[in-house]
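Those protein sequence lines, which keep their order, are chains A and B.
No gaps in the numbering here: position 57 of the first sequence is 57 in my numbering, and each next residue is one more.
In my numbering, each residue's number is its place in the second sequence (first place is 1) plus 1000.
Structure, as structure tokens:
2 protein chains.
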Amino acid sequence: MTDARPDVDAGTAGPPAGGPPDGVRPDVTHPRPTLDSVAARAGVSRQTVSNVLNLPHLVRAETARRVSAAIAELGYRPHRAAQQLRTRRSRLLGLRVELSAGDKVFDRFLHALTEAADLRGYRVMLYTAGDDEAEIAAYTELRGRWDIDGVVLTTTHPGDRRTAHLAGAGLPCVTFGRPWDDSDHHPWVDVDGAAGTAEATRHLVGAGRRRIAFLGWPAGSAVGDDRLAGWAAAVAAAGLPAPEPGRSVNDPQEARRAADALLDTVRPDAVVCASDLLALGVLSALTARGRIAGRDVAVTGFDDTDIAALVGLSSVAQPLSEVASECARLVTELVEDPRRADTPERLLLAPRLVVRDSSSGPP
Amino acid sequence: MTDARPDVDAGTAGPPAGGPPDGVRPDVTHPRPTLDSVAARAGVSRQTVSNVLNLPHLVRAETARRVSAAIAELGYRPHRAAQQLRTRRSRLLGLRVELSAGDKVFDRFLHALTEAADLRGYRVMLYTAGDDEAEIAAYTELRGRWDIDGVVLTTTHPGDRRTAHLAGAGLPCVTFGRPWDDSDHHPWVDVDGAAGTAEATRHLVGAGRRRIAFLGWPAGSAVGDDRLAGWAAAVAAAGLPAPEPGRSVNDPQEARRAADALLDTVRPDAVVCASDLLALGVLSALTARGRIAGRDVAVTGFDDTDIAALVGLSSVAQPLSEVASECARLVTELVEDPRRADTPERLLLAPRLVVRDSSSGPP
DNA sequence: TGATCGGCTTGGAACGATCCAATCGTTGGT
DNA sequence: ACCAACGATTGGATCGTTCCAAGCCGATCA
């Protein structure tokens, strides 16, 4: 349930009592309660009921009590469509549904965002788009026809034109992901990837590792460069060497090859990886040469996917619930007070390392 | 955000072209076009415009043309909230967002459903619920306040009380998943698990395997029993023995143990598994004893998850796009013509085996 | 020619909420 | 005791669409 208000509903206690399978009364018979019917019952006017709900300070306590009772008895709930027609607010947030790469990250974000939005009286409405241009085209429809109040964007990248369009259309938005170029005139929430790899690196240093390599994606990826930077800074801070990083795209075969090359050339006693999939490549390469992850070479991944838990891989976990609830907060605040657009908030949240066998053996 | 893609900038083609970043006109100045403004422009009445859109056969061709032109010029789009207020139809479908088990199944279904619904002029709205009772409680809010037209349920199970409640409340629904007990007075779409394991079994028979075992979940799981039945039927049809099935919950360690036991006692030359995770247990057990999957023992999984593709595991894939589009069709048809509730459609779609190395070597 | 019929078209009412201006009832000041 | 000021409450208008019953018009038929 969503509402924080005193809604009765009841319906719970009573046993099914046999007979037709509805503890729920078929509301078809009873017409839906409206402001007027509540007002009639409480012996006040329509507007007073509305005030009780929206501007309680205008109503005398005694009156408010009577009205609340009537609301509860009738099971009244304001009708969104009517509110929306009058106020031009839908309390609907748009979210583009992505085919995630199998890491449950988007899934979990989606779940958390739905809950966080719910707490604020908003709902998440989905849309799809083949690419950014299609998404930009979809905004017209989403705004004009469905009247969404705001948008949550999830995969920012350099040269992202979406936020500029949204700003131009006056549609509030937040991004999960920082803007990777200058255009940051919108609020955003992101996870500090560099802090994550840095924490992983420090953990390895603390475990006695001295030759810590990095396996990342090809240079030029914003997210990837960020994660690399964290490792580089941490090894430098520890006074350790920073061997040339390995590079691979996110593909099992390719990752395995890159891991092999890295093990051969660098001969590290630990590898920090930019993703769990890359880390799996390292684990596989280690197994193939009869070496044991966590004992011979420590390995860490990134994103704390199911696979990581499955194979005992230490991994950096993103605080997705927090990200989602901040996204919900920022975008709804912007909806409810557009002046905030002038001073957008930016949040960089710290991830946290989940330690498993792959990094906890003796050095 | 996280994104596993190493996205190089690209920056696409078009230069920002300088100037303010909006090809979009700020509609703030021009008030939103309404039926009335379109009517004025076309020189007809409000209702005629509405008829052009909703009941075109009532309007003379020439008039319709004029009206259409006016609609196009003004960029008019009917306002959902107003329509909804009048017609009591929101064109919103509710879907409970689940924390899936890491197999991308729910993700892909979600994406496909959003697209399929879109094609029919509907949108998917998300909600969460801790358990079925909470979900049932949420219906009141979703229906009464958000006015959703229908619900798509995704994880049916024996003793599922949700559909009965929805029927009682008169809220249309479809389930992805057949009802596992008698109460099937609602349309549903499901994937024929038995057909899937049967196909996998026949494939193994065709590849020369003669001692085909089954590794499933503990008895009593509806989905699991179904998948087992397909295997049992197929081995029987081939005149092969049906060894006692192995049983394990969906846990890596446990699956490995069960696989070991199965290999020891049954000594099969092929194993059909009820899930990819169980199949991974078999693969792991094989590797540990120096035997090669696909050559010594053929293995198939179920669900065609990423992991299956990753390790070259043959797996039964569900036709999720089709499931989603049928779900969308069934629920929207029900919304638009409630009489169909008397004769609910039921669809059992056949999955398809994706053959990989784990089952394609010589017997 | 005038009444009848059907096809299009029309304006008014309704959906259920909020905004607004006006009203009512108290209280306080003089 | 009267008026002003203020707080609480009221009825009417409004958002943009669809439903409804009535109206207009030209064509058909007696």
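Glycine included, every Cβ here is placed at the ideal spot set by N, Cα and C.
For residue i, which three-state DSSP category applies?
i: residue 112 of chain A; result: helix
i: residue 261 of chain A; result: helix
i: residue 1139 of chain B; result: helix
i: residue 301 of chain A; result: strand
i: residue 146 of chain A; result: coil
i: residue 1240 of chain B; result: coil
i: residue 1292 of chain B; result: coil
i: residue 1246 of chain B; result: strand
i: residue 1346 of chain B; result: strand
i: residue 1171 of chain B; result: coil
i: residue 1280 of chain B; result: helix
i: residue 270 of chain A; result: strand
i: residue 223 of chain A; result: helix
i: residue 1035 of chain B; result: helix
i: residue 1309 of chain B; result: helix
i: residue 252 of chain A; result: helix
i: residue 1132 of chain B; result: helix
i: residue 1202 of chain B; result: helix
i: residue 118 of chain A; result: helix
i: residue 1050 of chain B; result: helix
i: residue 275 of chain A; result: coil
i: residue 1183 of chain B; result: coil
i: residue 1362 of chain B; result: coil
i: residue 1207 of chain B; result: coil
Are there 16 or more other CB atoms within 10 angstroms of the CB of residue i, so buried, or fewer, so exposed?
i: residue 305 of chain A; result: buried
i: residue 57 of chain A; result: exposed
i: residue 219 of chain A; result: exposed
i: residue 141 of chain A; result: exposed
i: residue 1247 of chain B; result: buried
i: residue 1292 of chain B; result: exposed
i: residue 1352 of chain B; result: exposed
i: residue 1237 of chain B; result: exposed
i: residue 1181 of chain B; result: exposed
i: residue 1065 of chain B; result: exposed
i: residue 1226 of chain B; result: buried
i: residue 955 of chain B; result: Residue coverage of chain B in this structure runs from 1001 to 1363, which leaves residue 955 of chain B outside it and unanswerable.
i: residue 294 of chain A; result: buried
i: residue 355 of chain A; result: exposed
i: residue 88 of chain A; result: exposed
i: residue 199 of chain A; result: buried
i: residue 1391 of chain B; result: Only positions 1001 to 1363 of chain B appear in this structure, which leaves residue 1391 of chain B out of reach.
i: residue 115 of chain A; result: buried
i: residue 362 of chain A; result: exposed
Give me the DSSP bridge partner(s) of residue i.
i: residue 1127 of chain B; result: B:1096
i: residue 176 of chain A; result: A:189
i: residue 212 of chain A; result: A:270
i: residue 153 of chain A; result: A:175
Just curious, the alpha helix (DSSP H) that residue i is in, first and last residue?
i: residue 1332 of chain B; result: 1320-1336
i: residue 1217 of chain B; result: Neither: residue 1217 of chain B is in no alpha helix (DSSP H) and is coded neither H nor E.
i: residue 355 of chain A; result: Where residue 355 of chain A is concerned, there is no enclosing alpha helix (DSSP H), given that its DSSP letter is neither H nor E.
i: residue 983 of chain B; result: Because chain B spans 1001 through 1363 in this model, residue 983 of chain B falls outside it and cannot be assessed.
i: residue 1365 of chain B; result: There is simply no residue 1365 of chain B to check, as chain B begins at 1001 and stops at 1363 in what is shown.
i: residue 1059 of chain B; result: Counting along the chain, residue 1059 of chain B falls outside any alpha helix (DSSP H), and DSSP gives it neither H nor E.
For the beta strand (DSSP E) that contains residue i, what are its first and last residues?
i: residue 1350 of chain B; result: Run containing residue 1350 of chain B: none; DSSP gives neither H nor E here.
i: residue 316 of chain A; result: 314-317
i: residue 1044 of chain B; result: No beta strand (DSSP E) contains residue 1044 of chain B, which DSSP labels as neither H nor E.
Is any non-hydrogen atom of the ligand GTP found closer than 7 Å to the C-beta of residue i, if you look at the structure I gave you?
i: residue 1353 of chain B; result: What this structure holds is no ligand at all, so the ligand GTP is not there to describe.
Quiz item: Can you list, in chain order, the residues of the segment 131-151 of chain A whose Cβ is nearer than 7 Å to any Cβ on chain B?
Solution: 144, 145, 146 and 147
Quiz item: Got a sec: which bits of the segment 335-360 of chain A sit with their beta carbon under 8 Å from any beta carbon on chain B, in order along the chain?
Solution: none
Quiz item: Of the residues that make up the segment 1081-1110 of chain B, which ones have a beta carbon closer than 8 Å to any beta carbon in chain A?
Solution: 1081, 1082, 1084, 1085, 1090, 1092, 1097, 1098, 1099, 1100, 1101, 1102, 1104, 1106, 1107, 1108 and 1110
Quiz prompt | Interfacial residues, the segment 1293-1315 of chain B to chain A, with Cβ spacing under 9 Å | solution = 1305, 1306, 1307, 1309, 1310 and 1311
Quiz prompt | Near-chain A residues of the segment 1234-1263 of chain B (beta-carbon distance less than 9 Å), N- to C-terminal order | solution = 1252
Exercise. Using a Cβ-Cβ cut-off of less than 8 Å, give me the residues of the segment 1110-1125 of chain B that come near chain A, in sequence order.
Key: 1110, 1111, 1114, 1115, 1118, 1123, 1124 and 1125
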